[in-house]
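What follows is one structure encoded as structure tokens, with my remarks underneath.
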Amino acid sequence: MENVLLTRVDDRLIHGQVMTAWMKRLPAKEIMVIDNKIAKDEFMISVLEMAAPAGVKVKVFSEEKAAAVLKEGLKAPTILLAKTPLAYQKVIEKGVQFDHVNLGGMGINENRTTLYKNIAASQEERDAIKGFIDQGIDVKIQVIPDDKVVNVKDVI
0 MENVLLTRVD DRLIHGQVMT AWMKRLPAKE IMVIDNKIAK DEFMISVLEM
50 AAPAGVKVKV FSEEKAAAVL KEGLKAPTIL LAKTPLAYQK VIEKGVQFDH
100 VNLGGMGINE NRTTLYKNIA ASQEERDAIK GFIDQGIDVK IQVIPDDKVV
150 NVKDVI
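With numbering that gives the first Met the number 0 applied, the sequence shown corresponds to residues 0 to 155, in that order.
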């Protein structure tokens, strides 16, 4: 998809060192956060806008709205962020195609178990990731750009 620089899963979304490292490698003009809950939370939207690097516009959309915007096409180089692969699964179900998905910060919680090192996924998330792979989407683990790239089909 044109102007999508990175399609990333990171449950922390926009945060310090990791986002700074990715922005140096992929100089996006916009960050699109795809999250149904945050899209309704003006305070969290403000927090994300303040956390973004200077000069980078943050847009926060529900899964449905993100799918519509992505179908129309992006006008600026953009990093896509979601807390979980399930958000991308919903966008794909609405007819959007992705070439790649990057799994970054996915911490362990009551529903998640270790997938690879410090990356964890629930069974539902694993099923979504397997679905991505089955659709030909390149799914990789890479927390920061300098980390070794791990192909998820080799560890799932």
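Where is the CB? At the ideal position from N, CA and C, for every residue including glycine.
Residue i, enclosing alpha helix (DSSP H) - first and last residue
| i | result |
| --- | --- |
| Lys70 | 62-71 |
| Arg24 | 15-24 |
| Asp133 | 122-133 |
| Leu80 | Leu80 -> not in any alpha helix (DSSP H); beta strand (DSSP E) instead, spanning 77-81. |
| Val46 | 41-50 |
Buried versus exposed, by CB contacts within 10 Å (16 or more), residue i
| i | result |
| --- | --- |
| Phe42 | exposed |
| Ile62 | Ile is not the amino acid found at residue 62; the sequence shown has Glu there. Classification of Glu62: buried, given that the 10 Å Cβ count is 16 or more. |
| Arg24 | exposed |
| Asp173 | Here the chain has residues from 0 to 155 only, and residue 173 is not among them. |
| Val59 | buried |
| Lys89 | buried |
| Ile91 | buried |
| Ile143 | exposed |
Nearest candidate by alpha-carbon position, reference residue i, set the options
| i | options | result |
| --- | --- | --- |
| Glu73 | Ile30, Tyr115, Lys89 | The displayed chain sequence assigns Leu, not Glu, to residue 73. Nearest option by C-alpha distance: Ile30. |
| Lys28 | Leu47, Lys56, Phe131 | Lys56 |
| Thr83 | Met18, Gln122, Thr19 | Gln122 |
Secondary structure of residue i, DSSP reduced to three states
| i | result |
| --- | --- |
| Ala86 | helix |
| Ile140 | strand |
| Ile118 | strand |
| Lys56 | strand |
Boundaries of the beta strand (DSSP E) in which residue i is found, first to last residue
| i | result |
| --- | --- |
| Arg7 | 3-8 |
| Met31 | 29-33 |
| Asn101 | 99-102 |
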